[in-house]
Each structure stands twice: as C-alpha cells, then as structure tokens.
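Counting the sequence shown from 1 gives a position; the working numbering is that position plus 557.
Here a beta-carbon is modelled for each residue, glycine too, at the ideal position from N, C-alpha and C.
As the structure is a computational prediction, the values presented were derived from the model and not from experiment.
What follows is a short report on a single structure.
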Amino acid sequence: MSVRAEPIGVAMLGAAFMGRAHAHALRILGGPAGPGGPGDAAPPRLEVLVGRDAERAATAAAGLGFARSTTDWQAAIADPAVHLFDDVGPNDQHAEPIIAAARAGKHVLCEKPLGRTADEAHAMWTAAHEAGVVHATAFNHRWLAAVRHAHDLIAAGRIGAVRHVRVRYLQDWLADPDAPWSWRLSRERSGSGVIGDLGSHLVDLCRHLVGEIDEVSALTRTWTTERPGGTVDVDDSVDATLTFAGGATGTLSASRVSHGRVNSLTLEITGESGTILFDLERLNELRLIVAGEPSTEQGLRTILVTDPGHPFLRDWWPPGHTLGWDVGFVHELHHVLQAIRTGEPITPLGADFEDGYRAAEVCDALVRSAAGGRPVRPVYRAVGA
Ligand code: SOE
C-alpha cells in the first residue's frame with residue numbers, strides 16, 4: 558500500500574522521556590516552521606500509543622496527542638491505520654515488537670540502542686531488511702545542525718585525513734549512590750549500562766563522522782552496586798581506546814556518575830590540518846581551527862551554525878536565532894517520514910538498522926574487552942548471516 562498520498566499513521570510503544578521527544582517532533586511536522594514547512598506532505602497521524610497499563614496509557618495518549626491507546630502492541634501492529642511503528646520503550650521491549658512489526662509490513666523506527674546485544678540488533682536488522690520496510694535507528698545527535706556541519710566539513714576534507722578522535726558523554730543522574738534503581742541499571746533489561754546507553758551515541762557519531770572502528774580496549778567500573786529498588790549489574794563508567802579502519806586512533810569515555818556533568822557530550826576530531834570541536838551544552842556552535850587560516854586568540858574559531866548556508870537554518874528562523882536539542886528529533890522524524898513517502902534511503906545521513914547493529918557490535922566489544930582485560934576487534938556480520 559502506498560503511503561505517499563495519505564498521512565502516515567504512527568503507533569508508538571512507550572511514553573517516557575523519548576516518547577515525549579518523538580511525539581513532540583511528530584506534532585511539529587507540517588506546522589508553521591520546521592523541515593518541509595507548512596507546505597510539506599500531510600502531517601503524520603498519531604494513531605495509537607502502546608503502554609503496559611491501560612489507564613496510564615490512555616492518559617499518556619491524551620497528553621501526547623494520540624487518537625487511542627492499547628496495552629497490546631500486536632493489536633497496534635495489526636491496525637491498518639498504522640504505517641510506522643516507533644519503539645521508544647525500554648531496551649528489552651525493542652526486539653520482539655520491532656521484528657513483528659517489520660514482518661507485518663510496517664516501517665520501523667527504534668530508539669538506541671537498537672538491541673540489548675549485537676545478536677538482538679542483527680535479528681532486528683535482518684527482519685526489517687527481509688520485509689523490505691524502512692528501518693531507522695534513532696541516533697538523534699546526527700540531526701543537530703552543528704553535528705551535521707561537522708560531518709560536512711570533515712567529508713569536504715576541511716581538516717584533512719582524521720588522525721585523532723576524542724569523544725565523551727558524561728551525565729550525573731546516578732552520581733548520588735541513593736539515586737533509585739531503574740531498568741537502565743539491569744543487564745537483563747538493558748543489555749549493558751552506560752556503554753549501550755551513552756556509549757552507543759558516541760560509537761554512532763564516531764562511525765558517522767570518521768568511519769568504522771577496528772579495535773577497542775576498554776575499562777569499566779560499577780561504582781555503586783546496590784541502589785534503592787535493586788542491584789546494579791551493569792557498567793557505570795567506561796574508558797576506552799579506539800582504532801579506526803582508516804588509521805585514526807581515539808578515546809571514548811562515558812559515565813552517568815560524573816558530578817557536575819548533566820548531559821555533556823563532547824567531540825574533538827583532529828585531522829592532519831585542523832581540529833573540530835563540538836559540545837552538546839553549546840549545541841549551536843562548532844569550534845574550528847584549520848592550519849594556516851586566521852583564528853581567534855585561543856586558536857579555535859567559533860562558528861555559530863545558525864548563519865546562512867548552515868544545515869537546517871532555512872527550515873527555521875533568521876540567522877542568529879538558535880535551535881534546541883528537540884529540533885534534532887524533528888529533523889530525524891521528518892527524514893524517516895520522507896523515506897516512507899518517497900523511497901529515499903535513510904542512510905548515509907540517517908542511521909538505519911545496520912548502523913544500529915554495527916554500533917551494537919562495538920558496544921559488545923567494549924563489554925568483552927573490559928571483562929577480558931584485552932583489546933577486542935568487532936566482527937561485523939552481513940544481514941541474514
Ligand atoms: C539517559 O542516560 C538518557 O536519557 C539516554 O538514554 C538518552 O539516549 C540521552 O539522549 C539522554 O540521557
């Protein structure tokens with residue numbers, strides 16, 4: 558059935574933080590500002606919200622703007638009004654519903670990490686590939702204007718061949734040992750701890766901006782094993798070295814126990830002739846130095862990516878009017894809906910399930926390296942293998 562002409566019906570599993578971010582993005586599309594603008598194809602139709610508790614799902618559906626709710630994801634998948642199944646639930650609720658939705662011919666979008674393990678992610682990729690549906694992994698940071706600009710500068714050779722990559726994602730919401738247990742702290746529910754939660758973002762950005770990762774060597778720690786409500790059996794922090802297929806070397810650090818770092822994702826990419834720096838806490842800016850070019854006293858020129866010609870600005874406001882973290886989700890969801898409408902590919906600017914799978918292989922390698930105290934080389938399998 559073509560979904561080119563009619564509005565795209567969306568079912569969403571989950572209604573917590575990422576559910577709000579996705580619903581917010583879906584409701585902006587087709588509005589007075591944003592990608593495509595008012596003339597864009599019909600806005601998506603928020604058909605059904607899937608939740609575990611009927612009453613809470615109904616309340617969430619009303620709050621997020623969905624027409625109805627259900628506790629039965631299989632009913633949502635069987636609904637002919639649903640064209641896109643968007644899974645924003647906990648990691649242990651990704652594989653089964655997504656595989657079933659793809660096999661039912663629904664296009665699929667899944668929050669990161671795609672699966673709890675590379676095996677789960679590979680099965681999800683295979684099912685979506687074999688079903689011939691659009692499949693996308695929600696690595697939202699790819700869709701921030703500054704990150705897209707960094708991608709374009711590196712791809713254009715602005716800093717030359719990349720030599721060093723230093724990526725870091727630090728949060729503090731678990732720094733208090735009395736912060737309560739949640740599903741993100743369980744290997745059975747999550748697959749890993751900070752590695753899959755924040756590390757997967759870093760791995761995807763490394764792959765997107767620099768290239769494939771050949772080898773990792775990691776150290777992890779679980780600093781607090783008992784929390785109110787449960788036992789923690791996953792990593793609180795990871796520090797790793799990376800070797801890239803193109804020869805670059807790098808470091809990757811992630812933690813959810815870093816006092817004073819609320820949501821600090823930083824990238825520093827150095828090539829043979831320059832360096833690019835990005836900081837999520839200053840998400841409309843890039844800092845750039847290119848050998849031989851004028852720069853500020855610190856040597857790094859700050860670029861405000863709301864200047865003419867920078868990514869996405871034309872979709873929003875005049876130069877200098879900065880964009881928010883949520884705008885990345887608007888562009889991400891628009892890209893998925895456009896792929897469904899037009900058949901345009903998700904990649905290379907978006908992340909599909911192969912990207913989600915390859916990130917999972919690297920995350921598994923980080924876990925294995927830390928457990929074994931040795932470097933590990935991810936082995937990337939073909940679809941269906
Ligand atoms: C918690 O660490 C979390 O919500 C992550 O799961 C998200 O991917 C990140 O964007 C914000 O922090």
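I need the boundaries of the beta strand (DSSP E) containing TYR937, first residue and last residue.
Counting along the chain, TYR937 sits inside no beta strand (DSSP E), nor does DSSP assign it H or E at all.
Among THR683, TRP740, ILE716 and VAL773, which residue has its Cα nearest to the Cα of GLY849? Selected option, being the one with the closest Cα: ILE716.
(Q) As an exercise, report each continuous beta strand (DSSP E) stretch of at least 3 residues that is fully enclosed by the segment 634–685, in chain order. (A) 641–644 and 664–668, all fully within the segment 634–685.
Query - Residue from LEU755, ARG844, PRO734 and LEU701 whose Cα sits closest to the Cα of TRP873 - result: Comparing C-alpha distances from TRP873 to each of LEU755, ARG844, PRO734 and LEU701 shows the shortest one belongs to LEU701.
Per-residue burial, ARG871 [other beta carbons within 10 Å of its own, 16 or more giving buried]: Burial state of ARG871 is exposed, judged by a 10 Å Cβ sphere holding fewer than 16 other Cβ atoms.
*Measure the C-alpha to C-alpha separation of ASP793 and LEU641 and round it to an integer number of angstroms.*
Taking the straight line joining both Cα atoms gives about 34 Å.
Helix, strand or coil at THR899 [DSSP, three-state] = Residue state, collapsed to three classes: helix.
**Report entry** Residue(s) in a DSSP beta bridge with GLN631
**Finding:** For GLN631, which the question treats as bridged, DSSP gives no partner whatsoever.
beta-carbon ASN648 near the ligand SOE non-hydrogen atom, thresh 7 Å
Incorrect: ASN648 has no Cβ contact closer than 7 Å to the ligand SOE.
Could you name each continuous beta strand (DSSP E) segment of 3 residues or more that falls completely within the segment 748–819, going from the start of the chain to the end? Taking 3 residues as the minimum length, the beta strand (DSSP E) runs contained wholly in the segment 748–819 are 770–778, 794–801 and 806–812, in order along the chain.
Quiz item: In three-state DSSP terms, what is GLU825?
Solution: Residue state, collapsed to three classes: strand.
Margin query: Measuring only the C-alpha atoms, how far is GLY929 from PHE801?
Written below: Each residue's alpha carbon lies about 21 Å from the other.
Check: At a cut-off of 7 Å, is LEU570 close to the ligand SOE when judged by its beta-carbon and the heavy atoms of the ligand?
Finding: The answer is no for LEU570.
Assign ARG934 to buried or exposed, taking buried as 16 or more other Cβ atoms, counted over all protein chains shown, within 10 Å of its Cβ. It counts as exposed.
Can you tell me whether GLU563 is helix, strand or coil according to DSSP? When DSSP states are grouped into helix, strand and coil, GLU563 belongs to the coil group.
Query raised in the report: How about HIS758: is its Cβ closer than 7 Å to a heavy atom in the ligand SOE?
Result: Yes.
TODO: Would you mind reading off the limits of the alpha helix (DSSP H) that contains LEU870?
DONE: Premise fails: LEU870 is in no alpha helix (DSSP H) and is neither H nor E.
*Hey, is the segment 889–900 in contact with the segment 724–738, meaning 3+ C-beta pairs nearer than 8 Å?*
Contact annotation: the segment 889–900 does not touch the segment 724–738, with fewer than three C-beta pairs closer than 8 Å.
ask   = Does the separation of the CB atoms of LEU799 and THR808 fall below 8 Å?
value = Yes, these two residues count as a Cβ contact at 8 Å.
Excluding five sequence neighbours on each side, which residues of the same chain lie with their C-beta closer than 7 Å to the C-beta of ALA695? So the list reads LEU666, CYS667, GLU668, LYS669 and GLU889, once near-sequence residues are dropped.
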